[in-house]
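Beneath this line is the structure, given in structure tokens, with notes to follow.
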Amino acid sequence: MRLRALLDTDALGLRLLGGENELDRTVRGVMTTDLRDPSRYLSGGELVLTGLAWRRDAADSEPFVRLLVQAGVAGLAAGEAELGNVPEDLTVACVRHRLPLFAVHESVAFATITEHVVRQVSGERAGDLAAVVDRHRRMMTSGPAGGGPDVVLDLLGSDLDLRAWVLSPTGRLIAGSKVAGPGLPADTCAKLAAEHLAAARTGRRGPHRVTLGSSTYSLFPVRSSGRSPQASRDVRETVLSDWLLAVEADAGDWPEERLDLLRGVTQLIAVERDRRDAARTVRRRLAQEVLELVQTGAAPAEIAARLRVAAPVLLPGLGAAPHWQVVVARVEWQDGDLEGGPVAQSLLEEILVDPSATGPEPSDRIAVAHTGDEAIALVPLPAVSTEHDGSEAGILADALLESVRDPLAAGLDDDGRVTLGVSASVHSAEGLRGALEEARHARRVAAARAGRVCAAGHQELASHVLLLPFVPDDVRRAFTARLLDPLRDYDRRHRAELIPTLEAFLDCDGSWTRCATRLHLHVNTLRYRVGRIEQLTSRDLSRLEDKLDFFLALRMS
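If you use the numbering used here, the sequence shown corresponds to residues 1 to 557, in order.
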């Protein structure tokens, strides 16, 4: 706004005392001060409001005005509430330095002037920014992206003082404005993503308001460009893949013009998101080709040739073919009428990125194919090291979901489920088929567990206990009933505690002394109970086979 516009507003009660030739100066902000030297807090273009408490005598006016002029302020407004009329020495100093001077009537509060200036300046900035955003959108849709999401977020920060970040659906930080600082804490990102996904599942239109601690955020969905909120047949098709724009502000009180501006920003970010998805086409095709070769039993030499093509694309500059891991994911919805493969594909492309990495580029190292409800990722490992315990380093199933479990659970709501399996690393084409089957088997183990988001890794497949979930339910019930029901009936009638005794005996590896000590029994009492167990079940607990049957029966029960 111009200084001249202040005189046209009667409610501000301003009277011009000097500087009529400088009224076309632009006002970029407002500051109230009674400091003798406020220059350290000025950045230029401000209308300075003062109650003149800094003035002790006439000699103070000249240095005060000189400091304001050196700081580049637009004008000075002095209140008449304390001293009555504005001192003549201040007027003379302002005329000498060509600084516009206003007198503020004692009936007008500085807060009234401040609110008016801020409202006018903010509205003009929003209009200017809208034009910039529209121009930037046209540039991005017709040519290469000019700096990605960070550019427009910097505009939000510099022109509207809005701290904003772009987050993935799992809470990974993709972009942030410089004014927003180094970034949001990881736990805050995860909570915002979870709130966004939960709100998206309800079908409510954004922005969604979230309060975390003392901060309020407004969450705007970033949908694929060209797709309206109603274009998708089912929100579940995109809920686990759409980005979001988090703005540290309460958009509930915003005028429609500003909301439209932020929606325009999300469209701009969506262009970059679509470019990233388009760039993934090559990697997805590579993964699909390798997967088809593996599943059709192609010769290892043919698979190896395809891997040699994939390695430079996924790991540029790598001299030799890397080791590989296979990750299998499955997204299933309760009603079963929506194919989960594409959702699982986008999800794997996201969660396989290092959680500490920022920006869209780290996902360029992952190739994911999908078929039906299943997605399969080929993950290159530049070098396979050995940890202190002798196990090979690489992707660990539990770590894969550690930071994304809560956001995913919110997006799945109560009708979806994600299960993942991770293979060991392999260094040759011959091992890839086995790695695929290992990852699939690990995923089936994860599927047997309770919870919306579950994973299992190859390290866990060594235990025979993990085979139990794959025993049919009727077989499980018959097996456990045959071995344990006689003991339960006896315990119910005689309070003999045969079941707890059996559990402790097996847990102590059949040691009479250790088991008796644990149960606080005399060894002879323990021998009597074990004998009664053997009599009731026609089993011999000195035999390994019978011990194993009892162990499995207790686990399955």
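Where a beta carbon is used, it is the ideal one built from N, C-alpha and C, also for glycine.
- Leaving aside the five residues that flank Asp-234 on each side, the residues in its chain whose CB is nearer than 7 angstroms to its CB run, in chain order, Leu-338.
- Contact check for Gly-341 and Glu-374: beta-carbon distance about 6 angstroms, within the 8 angstroms limit, so the pair qualifies.
- Here Leu-293 has Glu-302, Ile-303 and Arg-306 as same chain residues with Cβ atoms under 8 angstroms from its own Cβ, once five neighbours each way along the sequence are excluded.
- Under the three-state reduction of DSSP output, Ala-93 falls in the helix class.
- In the three-state scheme derived from DSSP, where H, G and I count as helix and E and B as strand, Gly-75 is classed as strand.
- Ala-329: member of the beta strand (DSSP E) spanning 323-333, first to last residue.
- Annotation: Gln-334 to Arg-285 spans about 30 angstroms, alpha carbon to alpha carbon.
- Distance from the CA atom of Asp-242 to the CA atom of Val-166, rounded to whole angstroms, is 11 angstroms.
- Taking 8 angstroms as the upper bound for CB-CB distance, Leu-519 and Ile-499 are not in contact here, some 12 angstroms apart.
- For Gly-203, the secondary structure class from DSSP, reduced to helix, strand or coil, is coil.
- Beta-bridge annotation (DSSP): Val-222 is paired with Trp-243.
- A distance of 8 angstroms or more separates the beta carbons of Thr-419 and Arg-440.
- Distance from Leu-101 to Leu-76 at the Cβ level is roughly 5 angstroms; contact confirmed, criterion being Cβ atoms closer than 8 angstroms.
- Taking a C-beta distance under 8 angstroms as the contact criterion, Val-422 and His-458 qualify as a contact pair.
- Selection Asp-250, Pro-300, Pro-63 and Val-313 evaluated against Thr-281 yields Val-313 as nearest (Cα-Cα).
- The alpha-carbon of Asp-161 is positioned some 24 angstroms away from that of Arg-223.
- Collapsing the DSSP output to three states places His-196 in a helix.
- In the three-state scheme derived from DSSP, where H, G and I count as helix and E and B as strand, His-370 is classed as strand.
- Judged by DSSP secondary structure, Glu-545 falls within the alpha helix (DSSP H) whose first and last residues are 544-556.
- In the DSSP assignment, Cys-515 falls outside any beta strand (DSSP E) and within the unbroken alpha helix (DSSP H) covering 512-519.
- The three-state secondary structure of Ser-403, taken from DSSP, is coil.
- Residues of the same chain with a CB within less than 6 angstroms of the CB of Arg-36, apart from the 5 flanking positions on each side, are Trp-54 in chain order.
- By the Cβ test, the stretch 546-555 is in contact with the stretch 506-515, since at least three Cβ pairs between them sit closer than 8 angstroms.
- In the three-state reduction of the DSSP assignment, Glu-350 falls in the helix class.
- With 16 or more other Cβ atoms inside 10 Å of its own Cβ, Ser-61 counts as buried.
- Asp-154 and Ser-168 have their alpha carbons spaced roughly 19 angstroms apart.
- By a beta-carbon distance limit of 8 angstroms, Leu-17 does not contact Arg-4. Their separation comes to about 15 angstroms.
- Looking from the CA of Ser-158, the closest CA among Arg-28, Thr-188 and Leu-219 belongs to Arg-28.
- Between the C-alpha atoms of Glu-248 and Tyr-217 there is a straight-line separation of about 4 angstroms.
- Note: Ile-376 is bridge-paired with Val-328 and Ala-369 in the DSSP secondary-structure output.
- Note that the C-beta distance between Ala-410 and Ala-198 is below 8 angstroms.
- Per the coordinates, the alpha-carbon of Arg-204 lies some 14 angstroms from the alpha-carbon of Arg-236.
- Of Arg-119, Asp-57, Pro-149 and Leu-47, the smallest CA-CA separation from Ala-103 is found for Leu-47.
- Under the three-pair Cβ rule at 8 angstroms, the stretch 401-408 counts as touching the stretch 187-194.
- When secondary structure is reduced to three states using DSSP, Thr-281 falls in the helix class.
- The three-state secondary structure of His-458, taken from DSSP, is helix.
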